[in-house]
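Remarks on the structure that follows.
Residue numbers (this note's numbering), protein chains in the order written: chain A, 119 to 447; chain B, 119 to 447.
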């Protein structure tokens, strides 16, 4: 009999959507980073749940404090991508009974520190026993429909941009999982990108405020996958003319004979925002993000043809629809 | 080193609250069935997450369809207890990779049927891989602060009531877990109460509408535990003068030499609402619940002394603070 590992996460979601179809308000929104519910007069309630599972989402060497913090970061990042401030969080946990009290305290401290970092309140949750550590972090926020940045909305000619460089998390994960050789200081920096990821909330809010972004997603499933999602939902393609790769990832790739571009494209668990910016607002967008303490990187542009191409140093190459996917055999 | 199973769920929650204290808006509400967030002008956003974990929350013999449905029922029941209509649900799932496709389809069908039963939309979720099946069901609703029924609010003299009889789930769980002897038809009825529990949403909404209930909780942790929670939050005690026990539970208890009163008091996973009703509104409350298709049972009354006493057939007995608790060794 066939098991779901043959399906993979995305086919599973399709199956769920088939069953929930009668129930959904707006199938289009079900494919976005957050769930939306009309409140009144153009105001919307924004909800998001993101589950962290110990055996699949926690790389070796991550502390309980970092695990708790990361559970918050993942959820906050989806709000960041939509340009919406998360106002409150709920945290459901499944805890293995042999967990140490000290580990529990560290986990709680991590959750609290993540909430503090993004200035959001934890207002509830649920506690359960489970075979492995599971944390479902639920976010709540409010937005004006007209300020919301969806995955759809990119137009040909828009500038493709990101709020961060790519590749460091891919490199860090290789170190954590496969023990690649690397200098001590490089190891420390790359592992930090894995253990202490940042949600680009200030950047997302700044861009929403000036209505500069036409579409947005976070790169938690990898840059390539994010671009395919934006492409599918916005019905555009992209040409990448500049790929901002983290310096540490470049050194790591060279040291280990790896392709840095592939590290940058096909990673995951990296929480940069990948956005399209209205061309006329590019300068304003760059300034707004800088003012918020971040940096907006030029990546390329949206095009009419639904194809994603890498065009660097005179070489053209198709980007493949690969990325992080749960339950994929 | 000490592990969390020595703590139990309630001590774990205390620990979390200690860490989240800086972050919480209202500690009092953190101890209620749902999380609350002020919207404006007396309107509140109501949020609730409830995690179902396969190894601890799913009794033997429960189908995947029933598991999916129950995940919805648990969350809806907490809304019912507060007199608030859930408007939307999010469902985060952790799925083991050896789960069959047919099982996944049944699970999805169960989630959808639960949502349909309570007329609530599933608007989002998250899909993950985990070692065992985990479902976190998140509910969203809106309410007027003045209609909300909290765990606090009961006054001495209020009538203690419930929207259902007790004991059937305790008996059914004993059959499912320990294989007690029982006739075929009785077995079927008692197991149904375990596999197909009902959230008393119509009852809760009807009582909120006429503002008859002064405090409320669902009996998912058992009747005794629910009473201790109401007692703690409302600063009252209770005398139980009438204990409505399901007929099937009475027969089961007699057949197996068990105490039916204990089955009724110290159960769990039973989703009756346990409420206090303003004495002057008792008749109106009974009628409103009947009109909604349910039944309001008289249990006794709230008293000034913070003690919970069973006073049946001339015998007085203290009720013990026992009930269902996760992670209790």
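Using N, Cα and C, we set each Cβ at its ideal position, and we do this for glycine too.
Burial state of residue i, where buried means 16 or more other Cβ atoms lie within 10 Å
i              : result
residue 411(A) : exposed
residue 262(A) : exposed
residue 145(B) : Confidence at residue 145(B) is low in this model, with a pLDDT of 49, below 50, so the placement of that residue should be treated as unreliable; the coordinate-derived value is given next. Label assigned to residue 145(B): exposed.
residue 370(B) : buried
residue 158(A) : exposed
residue 165(A) : buried
residue 397(A) : exposed
residue 315(B) : buried
residue 122(A) : buried
residue 295(A) : exposed
residue 218(A) : exposed
residue 204(B) : buried
residue 432(B) : exposed
residue 430(B) : exposed
residue 338(B) : buried
residue 306(B) : exposed
residue 125(A) : buried
residue 249(B) : buried
residue 436(B) : exposed
residue 441(A) : buried
Check: residue i C-beta below 7 angstroms from any heavy atom of the ligand COA
i              : result
residue 230(A) : What this structure holds is no ligand at all, so the ligand COA is not there to describe.
Residue range of the beta strand (DSSP E) that includes residue i
i              : result
residue 435(B) : 433 to 436
residue 314(B) : Run containing residue 314(B): none; DSSP gives neither H nor E here.
residue 389(B) : Run containing residue 389(B): none; DSSP gives neither H nor E here.
residue 208(B) : 204 to 213
residue 301(B) : From DSSP, residue 301(B) is part of no beta strand (DSSP E); its letter is neither H nor E.
residue 336(B) : 331 to 336
Proximity winner among the options, relative to residue i (alpha-carbon distances)
i              : options                           : result
residue 197(B) : 394(B), 163(B), 396(B) and 250(B) : 163(B)
residue 336(A) : 131(A), 150(A) and 249(A)         : 150(A)
residue 192(A) : 205(A), 397(A), 170(A) and 183(A) : 170(A)
residue 160(B) : 211(B), 437(B), 265(B) and 384(B) : 265(B)
residue 253(A) : 285(A), 224(A), 211(A) and 426(A) : 211(A)
residue 224(B) : 120(B), 323(B), 259(B) and 188(B) : 188(B)
residue 434(B) : 359(B), 172(B) and 393(B)         : 359(B)
residue 209(A) : 216(A), 194(A), 218(A) and 221(A) : 194(A)
residue 325(B) : 279(B), 351(B) and 228(B)         : 279(B)
residue 154(A) : 238(A), 250(A), 249(A) and 267(A) : 267(A)
residue 131(A) : 205(B), 247(B), 206(B) and 128(B) : 247(B)
residue 422(B) : 307(B), 275(B) and 438(B)         : 275(B)
residue 202(A) : 136(A), 438(A), 327(A) and 344(A) : 327(A)
residue 69(A)  : 174(A), 152(A) and 273(A)         : Residue 69(A) lies beyond the range of chain A shown here (119 to 447); nothing can be said about it.
residue 348(A) : 376(A), 138(A), 304(A) and 200(A) : 200(A)
residue 135(A) : 213(B), 243(B) and 179(B)         : 243(B)
residue 383(A) : 286(A), 393(A) and 245(A)         : 286(A)
residue 404(A) : 379(A), 281(A) and 152(A)         : 281(A)
residue 362(A) : 239(A), 233(A), 428(A) and 270(A) : 428(A)
residue 318(A) : 168(A), 393(A) and 424(A)         : 393(A)
Boundaries of the alpha helix (DSSP H) in which residue i is found, first to last residue
i              : result
residue 262(A) : Careful: residue 262(A) lies outside any alpha helix (DSSP H), inside the beta strand (DSSP E) at 252 to 262.
residue 380(B) : 378 to 383
residue 182(B) : 182 to 200
residue 296(A) : 286 to 296
residue 124(B) : It is not in any alpha helix (DSSP H) - residue 124(B) carries neither H nor E in the DSSP assignment.
residue 220(A) : 219 to 235
residue 364(B) : Premise fails: residue 364(B) is in no alpha helix (DSSP H) and is neither H nor E.
residue 417(A) : From DSSP, residue 417(A) is part of no alpha helix (DSSP H) but of the beta strand (DSSP E) over 415 to 421.
residue 174(B) : 172 to 175
Integer Cβ distance of residue i from residue j, believed to fall under 8 angstroms
i              : j              : result
residue 420(A) : residue 356(A) : 6 angstroms
residue 185(A) : residue 176(A) : 6 angstroms
residue 182(B) : residue 235(B) : No, residue 182(B) and residue 235(B) are not in contact; Cβ-Cβ is about 17 angstroms, not under 8 angstroms.
residue 288(A) : residue 417(A) : Residue 288(A) to residue 417(A), Cβ: 17 angstroms. No contact.
residue 311(B) : residue 333(B) : Not quite, the Cβ-Cβ distance comes to about 25 angstroms (not below 8 angstroms), so this is no contact.
residue 395(A) : residue 330(A) : 5 angstroms
residue 407(A) : residue 413(A) : 6 angstroms
residue 133(B) : residue 230(A) : With a Cβ gap of about 11 angstroms, residue 133(B) and residue 230(A) do not count as contacting.
residue 391(A) : residue 283(A) : Actually they are not in contact, since the Cβ atoms of residue 391(A) and residue 283(A) sit about 12 angstroms apart, beyond 8 angstroms.
residue 342(B) : residue 438(B) : 6 angstroms
When Cβ atoms are compared, which residues of the stretch 254 to 270 of chain A fall closer than 7 angstroms to chain B?
254, 256 and 258
Any C-beta of chain A within less than 9 angstroms: which residues of the stretch 142 to 176 of chain B qualify? 142, 143, 144, 147, 148, 150, 152, 153, 154, 155, 157, 163, 165, 166, 167, 168, 169, 170, 171, 172, 173, 174 and 175
Exercise for the section: Please list the residues of the stretch 207 to 224 of chain A that have a C-beta atom closer than 9 angstroms to any C-beta atom in chain B, keeping them in chain order. Expected result: 207, 208, 209, 210, 211, 212, 213, 214, 215, 216, 217, 218, 219, 220, 221, 222 and 223
Inset, instruction - Anything in the stretch 357 to 385 of chain B with a Cβ closer than 7 angstroms to a Cβ of chain A? List those residues in chain order, please. - result: none
**OP:** Below 7 angstroms between beta carbons is the criterion; list the residues of the stretch 283 to 300 of chain A that meet it against any residue of chain B, in chain order.
**Re:** none
Inset, instruction - Give the residues from the stretch 313 to 333 of chain A that approach chain B closer than 8 angstroms (Cβ to any Cβ), ordered along the chain. - result: none
Can you pull out the residues from the stretch 237 to 250 of chain B whose beta carbon lies closer than 7 angstroms to at least one beta carbon of chain A? 239, 240, 241, 242, 243, 244, 245, 246, 247, 248, 249 and 250
(Q) Output needed in chain order: residues of the stretch 418 to 442 of chain B with a Cβ under 8 angstroms from some Cβ in chain A. (A) none
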